[in-house]
Amino acid sequence: MRGPSDRRTERGHASSTRRRKGAQSPDIPGDEEPKAPPARIERPQPTAAGEERAILVGAGPEAQPEDGSVPALDELAELARTAGARVFARVWQRRDRPEAASYLGSGKLEDLRRLAGELGANLILADTDLTPAQVRHMEEALNLRVVDRSELIIDIFAQHARTRQSALQVELAQLQYQAPRLKRMWTHLSRITGGGGIGSRGPGEKQIEVDRRLIQKRIQQLREELAELEGRRVRQAGSRADTFKVALVGYTNAGKSTLMHALTGADVLIEDKLFATLDTRTRRWELGRELEVLLSDTVGFIEKLPHHLVASFHATLEEVRGADLLLHVVNAGDPEAVRRSQSVREVLRSIGAEFIPEWVVLNKVDLLEPVEASILGGKVQARALVSARTGAGLTDLSRMVREQAATRLEITRLEVPLADGKALALLAARARVLEQHFSDTTCTLTAALPAEVKARLQRYVISED
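Taking the numbering used here, I'd label the letters of the sequence shown as residues 321 to 785.
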């Protein structure tokens with residue numbers, strides 16, 4: 321883990337709740353940018369033995385700013401910090417499309433090799449998914465380990481997996497990532513059979529082919545285990561089908577866990593890191609004596625979330641698809657709040673949750689002046705402006721959700737015979753009793769009922785006529 325002083329050598333992260341003052345990271349002019357600003361290199365503090373010292377690299381058509389910073393790599397820098405790496409520099413090459421064979425051009429790779437040597441870097445982090453050939457060529461040219469975006473995210477997921485389900489999902493993502501890259505991992509091995517003698521004749525078989533079969537077998541086992549866990553989740557969801565369900569969604573590190581703690585008092589992990597919450601947590605949210613809802617804190621989204629990771633974490637994201645209301649939490653202290661809120665909506669569309677009612681909740685408004693918060697709220701179409709830290713706006717948010725949840729329930733008066741134990745048990749389990757009176761033979765009550773429960777107890781409903 322790194323302390324605050326470790327962040328001096330990299331550009332301030334866009335996802336931080338407050339903007340930090342610090343030196344800008346170095347950058348290198350691209351092969352196709354004759355007028356690019358000069359690189360600025362800042363000497364880092366001495367590093368601990370075994371520490372991963374990273375240089376971030378990216379390529380795209382965007383020109384780098386005059387100050388030499390690379391805002392396009394802000395998120396990658398935050399991912400690197402979360403994974404435990406220390407960022408020493410950012411390198412950007414301006415080009416319409418990455419080099420097919422090596423991602424960066426040969427000139428940029430040579431500049432990158434020299435910079436890595438000067439800074440003592442031992443890791444290259446790429447802001448995209450690389451092909452096995454691109455990784456191989458880059459590692460050969462730089463003599464350094466190269467990790468792409470998906471591998472970095474999977475590593476973070478592995479650090480934060482705390483339940484059986486999330487551990488299985490991480491392993492599935494790892495194997496699906498590794499399967500097409502086995503050739504690079506096993507190029508040093510020769511065939512394990514074939515070479516003469518009884519039992520060894522024939523075309524032989526490479527170790528890569530053995531491992532490929534093992535990986536595919538394990539992937540199938542993981543999918544079956546996850547399907548079984550998903551079945552349990554569906555049965556549990558069925559038992560609470562009449563309860564109004566709210567899911568917190570949003571860009572990772574937007575303050576969802578802090579908001580959940582403020583609303584429910586739940587003891588959830590709160591950290592200033594991406595993907596601090598990987599497992600979905602669901603808690604009861606009391607909204608007055610007439611009803612309660614289930615509030616779920618889900619895994620945070622990021623830009624350019626790899627599709628295979630979305631598939632691997634299907635079960636976790638299922639909590640989002642099963643919600644009656646989505647509270648889309650936006651970080652008011654994020655300079656990229658508007659763009660990142662759009663990225664969240666893109667992920668919601670990709671998982672089939674775009675038709676669920678969505679309310680934008682602008683969190684951390686205590687970081688802004690009231691006028692600034694109001695303007696930003698208009699830009700992201702916020703329904704509520706809150707601060708989970710100070711409690712501002714939470715009462716209004718609770719009232720709004722209570723009114724929304726109440727529309728699913730019908731306030732009904734019933735007279736139920738005490739002899740009908742099944743009916744009374746049904747009311748105790750699936751209704752919110754607001755008032756009740758007992759006589760020698762009956763229970764007269766007023767309750768908030770789901771429509772399906774009211775239909776089953778229709779014979780006991782007291783007519784309003």
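The beta carbon of each residue, even a glycine, is placed where N, CA and C say it ideally should be. None of these values were measured; they are calculated from a predicted model.
For Q786, name the three-state secondary structure that DSSP assigns.
This structure does not reach residue 786, given that the chain is present from 321 up to 785, and the question cannot be answered.
Around the Cβ of V569, are there at least 16 other Cβ atoms within 10 angstroms (buried) or fewer (exposed)?
buried
Who are T766's beta bridge partners in DSSP?
R733, E755
In angstroms with no decimal places, state the Cα-to-Cα distance between A405 and V377.
14 Å
Alpha carbon to alpha carbon, how far is T618 from A673?
13 Å
Close-in-space but distant-in-sequence residues of the same chain around L462 (CB under 7 Å, 5 per side omitted):
Taken in chain order, the residues that qualify are L429, L432, R433, A436, I444.
Just to confirm, are M458 and Y497 a CB contact at a threshold of 8 Å?
Going by C-beta atoms, M458 is not nearer than 8 Å to Y497.
Contact the segment 655-663 vs the segment 695-712: 3+ CB pairs below 8 Å
yes
Nonlocal neighbours in the same chain, by C-beta distance under 6 Å from K593, ignoring five residues either side
Since pLDDT at K593 reaches only 48, below the 50 mark, its modelled position is unreliable, and no value is offered.
Range of the contiguous alpha helix (DSSP H) that encloses R304
A question about residue 304 goes unanswered here, because the residues of the chain that appear run from 321 up to 785.
Any idea which residues DSSP pairs N651 with across the strands?
N683
Taking the alpha-carbon positions, what's the V753 to E612 distance?
12 Å
Taking the straight line between their C-alpha atoms, what separation do you get for L488 and S616?
20 Å
Mind listing, in chain order, the continuous beta strand (DSSP E) runs of no fewer than 3 residues lying wholly within the segment 417-457?
443-446
Out of L705, F564, Q413, which has the shortest C-alpha to C-alpha gap to A771?
F564
So, for V658: in the same chain, excluding its five sequence neighbours on each side, which residues have a beta-carbon less than 7 Å away from its beta-carbon?
K699, V700
C-alpha gap between E460 and L450, whole angstroms
15 Å
Using 8 Å as the limit for Cβ to Cβ distance, is G697 near chain D?
No chain D appears in the structure shown, which is made up of a single protein chain.
Span separating the alpha-carbon of P500 from that of A400
24 Å
Which whole-angstrom value describes the C-beta separation of A775 and L734, a residue pair presumed to lie in contact below a C-beta threshold of 8 Å?
Wrong, their Cβ atoms sit about 13 Å apart, outside the cutoff.
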